[in-house]
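K.L.:
Chains as they are written, first to last, in my numbering: chain A, 144 to 505; chain B, 144 to 505.
Below is a structure I'd like to ask you about.
Number of protein chains: 2
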Amino acid sequence: MFKKEEIEDYFRLAIKLAEKGRGYTLSNPLVGCVIVKDKKIIATGYHQKYGGDHAEVVAIKKVKDKNLLKNSILFVTLEPCCHYGKTPPCTDIIIENKFKKVYVGIYDPNPLVYKKGVATLRKKGIEVEVGFLEKEIKRQNEVYFKYIKEKRPFVIIKAATTLDGKIATLDYKSKWITNEQLRKEGNKLRCYCDAILCGINTIIKDDPYLTCRVLKNKKIKKIIIDPNLKIDKKAKVFKENSVIIFYHKKDNKKIKILKDMGVELIRLDLKDNFFDWKEILKELYKRNIASLLIEGGARTISNALKAKIVDKIYLFYAPKIMGKGLSFSEDLSYNLKNLIKLKEFKIHQFKEGFILEGYLKK
Amino acid sequence: MFKKEEIEDYFRLAIKLAEKGRGYTLSNPLVGCVIVKDKKIIATGYHQKYGGDHAEVVAIKKVKDKNLLKNSILFVTLEPCCHYGKTPPCTDIIIENKFKKVYVGIYDPNPLVYKKGVATLRKKGIEVEVGFLEKEIKRQNEVYFKYIKEKRPFVIIKAATTLDGKIATLDYKSKWITNEQLRKEGNKLRCYCDAILCGINTIIKDDPYLTCRVLKNKKIKKIIIDPNLKIDKKAKVFKENSVIIFYHKKDNKKIKILKDMGVELIRLDLKDNFFDWKEILKELYKRNIASLLIEGGARTISNALKAKIVDKIYLFYAPKIMGKGLSFSEDLSYNLKNLIKLKEFKIHQFKEGFILEGYLKK
Chain A
144 MFKKEEIEDY FRLAIKLAEK GRGYTLSNPL VGCVIVKDKK IIATGYHQKY GGDHAEVVAI
204 KKVKDKNLLK NSILFVTLEP CCHYGKTPPC TDIIIENKFK KVYVGIYDPN PLVYKKGVAT
264 LRKKGIEVEV GFLEKEIKRQ NEVYFKYIKE KRPFVIIKAA TTLDGKIATL DYKSKWITNE
324 QLRKEGNKLR CYCDAILCGI NTIIKDDPYL TCRVLKNKKI KKIIIDPNLK IDKKAKVFKE
384 NSVIIFYHKK DNKKIKILKD MGVELIRLDL KDNFFDWKEI LKELYKRNIA SLLIEGGART
444 ISNALKAKIV DKIYLFYAPK IMGKGLSFSE DLSYNLKNLI KLKEFKIHQF KEGFILEGYL
504 KK
Chain B
144 MFKKEEIEDY FRLAIKLAEK GRGYTLSNPL VGCVIVKDKK IIATGYHQKY GGDHAEVVAI
204 KKVKDKNLLK NSILFVTLEP CCHYGKTPPC TDIIIENKFK KVYVGIYDPN PLVYKKGVAT
264 LRKKGIEVEV GFLEKEIKRQ NEVYFKYIKE KRPFVIIKAA TTLDGKIATL DYKSKWITNE
324 QLRKEGNKLR CYCDAILCGI NTIIKDDPYL TCRVLKNKKI KKIIIDPNLK IDKKAKVFKE
384 NSVIIFYHKK DNKKIKILKD MGVELIRLDL KDNFFDWKEI LKELYKRNIA SLLIEGGART
444 ISNALKAKIV DKIYLFYAPK IMGKGLSFSE DLSYNLKNLI KLKEFKIHQF KEGFILEGYL
504 KK
C-alpha cells in the first residue's frame, strides 16, 4: 500500500510538526500526525500545549467534511490514547471516523496506554502497524520517557563557559562570558524546559530575571535553592512567572512576605549542607514539571553532577581562556578512571562560540 | 586564455600537492606547481623537503622531452626564487625552458625574492600574473610567513583536555585523557612541526618518547625546558631524534654526561623563575626551526600564553569532566574584559572527542 520510504516521509513530517509543541506540553509528549487519503495529505496536527487537544484530534477537527476521513490513513508518532485524561480517548474519535489504517511510530510508555491504544483500534477492525523512526521519536520525547518511566523530571545542565571550563571569575563575575548569539540559543533552550533552577548565590550575585524571551507566551517555573531564605524580596526573579523556593530555615517573617508575594515555598531537610536532589525532583514531578534546566552557579551544577541526577548537559563555549576562575565542575573530584563521561555528544558551531550537547553516561 | 575558474582549479591542485610536503620543509615554504600545455597537465611537482629541489624544478625534471616545455604554462603557488640558496634560482630554469606564461599564487615574503622573482621573468619576456587563492596559500604557509617576517618560529600549543579544561589530575596523572583516535590526530600535528617543546615536569612525570609515529622518516627536534638540569639521562626522550635542552644551572658533571650523549645544551638567564620566551625562540630560529609545538605541561603552556608568544592553539577535548585537576591555563589570571581570545576557530568532531583549532587574538 505504501512503500517504506513513503511511510517514513510521512513520519518525518509528523515529527517535524510535533516539534512545534516543544516548550508548551509540560508532562505531555510531543506528538505529530498526518492524515492521508488517496495518497494525498488531507490534514496534519500536533499536540500544541498541555491540556489541549491531542495531535490526532487537532488534525481530525481540521477536516470539515467528515466523510473524507472514512477509509483514510493516519500516521501518528505516538500510540493514540485510550483513556480519559484532560481530553477524551483519541481511539474513540479514530474509530468513530472509520479510519482504514493507523501507522503508529512508537508505543506510549504510559502504562495507561501502553499497547492498549493499539489493541483498542485493532479490536474495532482498524489495521495498525507500529514501529517507525522509533529512535528519532524516542529522542524527541526523551523528556516524556524519563517523566513517565522514572517519575521524575528530565534534568539538563546548562553552563556558559570559557575553553578552560570557567563560568565566572573568582569574584563571581560572569556577565557575559558568551556573546549575544549564544545567549539567544541559551534562552531558546530555557524556553523548551518547564522549569529553570538556580542556587541562591547566582540570584544574589547576578540578580537575573530568568525569563524566556524566545518563545511566545511561554510560562516557566523558576526554582530557587535557598536553604536559609537569603533571597531579597526585590530580586528581579520575582518580576515574571511563578517562583518556587526550596528552603530549610524556619524564618517565619520571610516566609510570610514571600507567601504574600505568591511564591511557593517547599521545606526540605538539609543533608551535608545541601538538599537531597531526589526530594527536589519528587516535588517537581508532583507539579507536572517534566524537564528541569539547571543554569547555575558553579556549586549547584557541581552538586547536581555529583548526585548523578543529570541526564543531559549543554556547554556553551566562548572561544576564550580565563585561567583562574570558577569552574562548572568546581566541587567535583575524580581520578582518571572514574571521570564523568558524556555519550552521543554533538557540537554546534557558531561564529562566536560553540555548543556541546551530550548525555551523561550512567 | 584561461577562465578564472580554470586557473583556480590548477591552483587548488597545486595547493593540494604543496600540502604533501608538510612536516618536511622546515624553514622553507610549502609550494606546489602544475605545468600545462595545450590545456593538458604535463607535469606537477611540490617542494618535498628542506634542501631539496623546489616545486618548479621537480615538475620540470619530470618532463623528459624538454621541447614540450616551450610555450607551456606554469602555475606555482609561490613566486619562483631568483637567488642562489641551497639550489639554483628557479627563474633561470623557467627562462631557459622558454615557458610562455607563469601564474603565481602569491609573492614570496622573503626579501631576497619578494617581487624580484616576478620581475626577473618579465624582463625575459615571460608573461606573469600574480594573485590567486591568496588567502588559502597564505594560510597554508602561515609558518613560513611568521618565520620570514618575524624571524621566529610559529608557535602552536597543543593540550589534551577534559571539557572543564583539565589536562591532568592534581597528582599529575594524564595518561590518557583522550582516546587512541585523538592521540593519533595529536601525533599528526606533532609530525607537521619542526620541534616539540616540553617542560621538565612533564618529562619527569610522564617520561614520554615525544616521537612522530604518523609521518615516515620525520625527524623532529625535542626541546626541553630544564633550568636546573633535573633530567634523568635514562629518560625515554633521548631514545630517538635530537634533543635540545635550555638550562641555567651550571652543573658541569650533568652537562658533560648530556653532551657526551649528543644533546645540545643552550644556557639562558632566568627571569622570574622562567626563561625569556623571546630568547628561546631566537635560538630556535637560528636553528632553522620554523614551527614549534608546545605540548606541556600546565605550567609551560600557561607561561607561553602569558608571554603572548602563541600563534595557534589546538585543544583536544575528551567528552569527560574531571573537577579538580591541573588546567592548561593553571597559572593565568584575567578579568572578564581581558580574557585570552581566539579567532577563526574551527571544530573537528570525532566519535570520542573533538579538536578545537584557533588563532590567538593579539
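Glycine residues also receive a C-beta, built at the ideal position from the N, C-alpha and C atoms.
Just so you know, these numbers come straight off a predicted model, no measurement behind them.
Strictly under 7 Å for the Cβ-Cβ distance: is LYS494 (chain A) near chain B by that measure?
P.N.:
Here the question's residue 494 (chain A) lines up with position 351 in the first sequence. Chain B contact via Cβ: absent.
K.L.:
Using the three-state DSSP reduction, which class does TYR502 (chain A) fall into: helix, strand or coil?
P.N.:
Position 359 of the first sequence, counted from the first residue, corresponds to residue 502 (chain A). DSSP places TYR502 (chain A) in strand when its eight states are reduced to three.
K.L.:
Could you list which residues in chain E have their beta carbon closer than 7 Å to that of THR305 (chain B), in chain order?
P.N.:
Included in the structure are the protein chains A and B, with no chain E among them.
K.L.:
Do you know how far the Cα of LYS331 (chain B) is from the Cα of VAL100 (chain B)?
P.N.:
Here chain B covers residues 144 to 505 and nothing more, so residue 100 (chain B) does not appear.
K.L.:
Just tell me which of B:TYR153, B:TYR352, B:SER476, B:LEU479 has its CA closest to the CA of VAL247 (chain B).
P.N.:
In the second sequence, residue 247 (chain B) corresponds to position 104, counting from 1. Minimum Cα distance to VAL247 (chain B) is reached at B:TYR153.
K.L.:
So who's on the other strand from GLU270 (chain B), going by DSSP bridges?
P.N.:
In the second sequence, counting from the first residue as 1, residue 270 (chain B) sits at position 127. Beta-bridge pairing links GLU270 (chain B) to B:LYS244.
K.L.:
Identify whether VAL406 (chain B) lies in helix, strand or coil by the three-state DSSP scheme.
P.N.:
Position 263 of the second sequence holds residue 406 (chain B). Coil.
K.L.:
What residue does the alpha helix (DSSP H) around GLY329 (chain B) start on, and which one ends it?
P.N.:
As a position in the second sequence, residue 329 (chain B) is number 186, starting the count at 1. That run of the alpha helix (DSSP H) goes 323-334.
K.L.:
In chain A, which residues lie less than 7 Å from SER476 (chain B) when you measure between Cβ atoms?
P.N.:
The residue you call residue 476 (chain B) lines up with position 333 of the second sequence. Those within 7 Å of SER476 (chain B) in chain A are GLY466, LYS467.
K.L.:
Could you check which residue in A:LYS486, A:MET404, A:CYS334 has the C-alpha nearest to that of ALA461 (chain B)?
P.N.:
If you number the second sequence from 1, residue 461 (chain B) lands on position 318. Checking every option, the nearest Cα to that of ALA461 (chain B) belongs to A:LYS486.
K.L.:
Where do the N-terminal and C-terminal ends of the alpha helix (DSSP H) with CYS233 (chain B) fall, by residue?
P.N.:
Numbered from 1 along the second sequence, position 90 holds the residue referred to as residue 233 (chain B). Note, CYS233 (chain B): alpha helix (DSSP H), 233-239.
K.L.:
When you check each C-beta in the region 304-336 of chain B against every C-beta of chain A, which residues fall closer than 7 Å?
P.N.:
THR305, LEU306, ASP307, GLY308, THR312, LYS316
K.L.:
From the DSSP output, in three-state form, read off VAL453 (chain A) for me.
P.N.:
Locating residue 453 (chain A) in the first sequence gives position 310, where the first residue counts as 1. In this structure, VAL453 (chain A) counts as coil in the three-state DSSP scheme.
K.L.:
Is it the case that the region 280-291 of chain B contacts the region 283-300 of chain A, given that we only count it when at least three CB pairs across the two stretches are under 8 Å?
P.N.:
no
K.L.:
Less than 8 Å between the CB atoms is what I'm expecting for ILE300 (chain B) and ILE444 (chain B), so what's the real figure, rounded?
P.N.:
Stepping through the second sequence from its first residue, residue 300 (chain B) is reached at position 157. Stepping through the second sequence from its first residue, residue 444 (chain B) is reached at position 301. Right, their Cβ atoms sit about 6 Å apart.
K.L.:
Tell me whether the beta-carbon of PHE381 (chain A) lies closer than 7 Å to the beta-carbon of ILE409 (chain A).
P.N.:
Counting from one through the first sequence, the residue named residue 381 (chain A) turns up at place 238. Counting from one through the first sequence, the residue named residue 409 (chain A) turns up at place 266. Result no, Cβ atoms of PHE381 (chain A) and ILE409 (chain A) do not sit closer than 7 Å.
K.L.:
Taking the runs of the beta strand (DSSP E) that are 3 residues or longer, which of them lie wholly in the region 434-478 of chain B?
P.N.:
Listed in chain order, they are 434-439, 455-460.
K.L.:
When you compare the CB of ILE236 (chain A) with every CB in chain B, is at least one pair closer than 7 Å?
P.N.:
Sequence index remark: in the first sequence, residue 236 (chain A) carries index 93 (1-based). No, no contact with chain B.
K.L.:
On the CB-based measure, 16 or more other CB atoms within 10 Å of its CB, does TRP319 (chain A) come out buried or exposed?
P.N.:
Sequence index remark: in the first sequence, residue 319 (chain A) carries index 176 (1-based). Classification for TRP319 (chain A): exposed.
K.L.:
List the residues of chain A whose Cβ lies closer than 7 Å to the Cβ of SER215 (chain B), in chain order.
P.N.:
Residue numbering aside, residue 215 (chain B) sits at position 72 when the second sequence is read from its first letter. Simply none; closest approach about 43 Å.
K.L.:
What's the call for TYR167 (chain B), buried or exposed, on a 16-neighbour Cβ count within 10 Å?
P.N.:
Locating residue 167 (chain B) in the second sequence gives position 24, counting from the first residue. Buried, since its Cβ has 16 or more Cβ neighbours within 10 Å.
K.L.:
Would you give the residue range spanned by the beta strand (DSSP E) that TYR390 (chain B) belongs to?
P.N.:
Locating residue 390 (chain B) in the second sequence gives position 247, counting from the first residue. 386-390 is the span of the beta strand (DSSP E), which, as asked, contains TYR390 (chain B).
K.L.:
So what does DSSP say about TYR287 (chain A), is it helix, strand or coil?
P.N.:
Within the first sequence, the letter at position 144 stands for residue 287 (chain A). Three-state DSSP puts TYR287 (chain A) in a helix.
K.L.:
Check whether the region 321-330 of chain A and the region 468-482 of chain A touch, using three or more Cβ-Cβ pairs below 8 Å as the test.
P.N.:
no
K.L.:
Where does the unbroken beta strand (DSSP E) through LYS359 (chain A) begin, and where does it stop?
P.N.:
Numbered from its first residue, the first sequence carries residue 359 (chain A) at position 216. Unbroken run through LYS359 (chain A): none, as it is neither H nor E.
K.L.:
Within the 7 Å Cβ cut-off, does LYS463 (chain B) reach chain A?
P.N.:
Working through the second sequence from its first residue, we reach residue 463 (chain B) at position 320. Chain A, which has a Cβ nearer than 7 Å to the Cβ of LYS463 (chain B), makes this yes.
K.L.:
What I want to know is whether the C-beta of ILE423 (chain B) ends up closer than 6 Å to one or more non-hydrogen atoms of the ligand PLP.
P.N.:
Absent from the structure shown: the ligand PLP. Ligands present: none.
K.L.:
Of the residues A:VAL386, A:PRO296, A:ASN395, A:LEU411, which one's Cα is nearest the Cα of GLY405 (chain A)?
P.N.:
To locate residue 405 (chain A), count along the first sequence from 1; it is residue 262. Closest option to GLY405 (chain A), Cα to Cα, is A:VAL386.
K.L.:
Starting from TYR250 (chain B), follow the beta strand (DSSP E) in both directions and report where the run begins and ends.
P.N.:
For the purposes of this step, residue 250 (chain B) is identified with residue 107 of the second sequence, where counting begins at 1. That residue, TYR250 (chain B), is in no beta strand (DSSP E); it is neither H nor E in DSSP.
K.L.:
Helix or strand or just coil, what does DSSP make of GLU422 (chain A)?
P.N.:
The count along the first sequence starts at 1 and reaches residue 422 (chain A) at position 279. GLU422 (chain A): helix per DSSP, three-state reduction.
K.L.:
Does DSSP put PHE297 (chain B) in a helix, in a strand, or in coil?
P.N.:
Position 154 of the second sequence holds residue 297 (chain B). Reduced to three states, the DSSP call for PHE297 (chain B) is strand.
K.L.:
Any beta carbon from chain A within less than 7 Å of GLY501 (chain B)'s own beta carbon?
P.N.:
Within the second sequence, the letter at position 358 stands for residue 501 (chain B). So, interface residue.
K.L.:
Using a C-beta cutoff of 7 Å, does ILE343 (chain A) count as contacting chain B?
P.N.:
What you label residue 343 (chain A) is simply residue 200 of the first sequence in a count that begins at 1. Chain B, which has no Cβ nearer than 7 Å to the Cβ of ILE343 (chain A), makes this no.
K.L.:
Grab me the residues of VAL256 (chain B)'s own chain with a C-beta within less than 7 Å of its C-beta, minus the 5 sequence neighbours each way, in chain order.
P.N.:
Translated into the one-based positions of the second sequence, residue 256 (chain B) becomes position 113. Contacts found: GLU222, CYS224, CYS225, HIS226.
K.L.:
Three or more beta-carbon pairs under 8 Å between the region 358-374 of chain B and the region 412-430 of chain B, yes or no?
P.N.:
Touching, yes, given that three or more Cβ pairs across the two stretches are closer than 8 Å.
K.L.:
Using the DSSP secondary-structure output, state which residues sit across from LYS182 (chain A) in a beta bridge.
P.N.:
Along the first sequence, read from residue 1 onward, the residue named residue 182 (chain A) stands at position 39. LYS182 (chain A) pairs with nothing; no bridge assigned.
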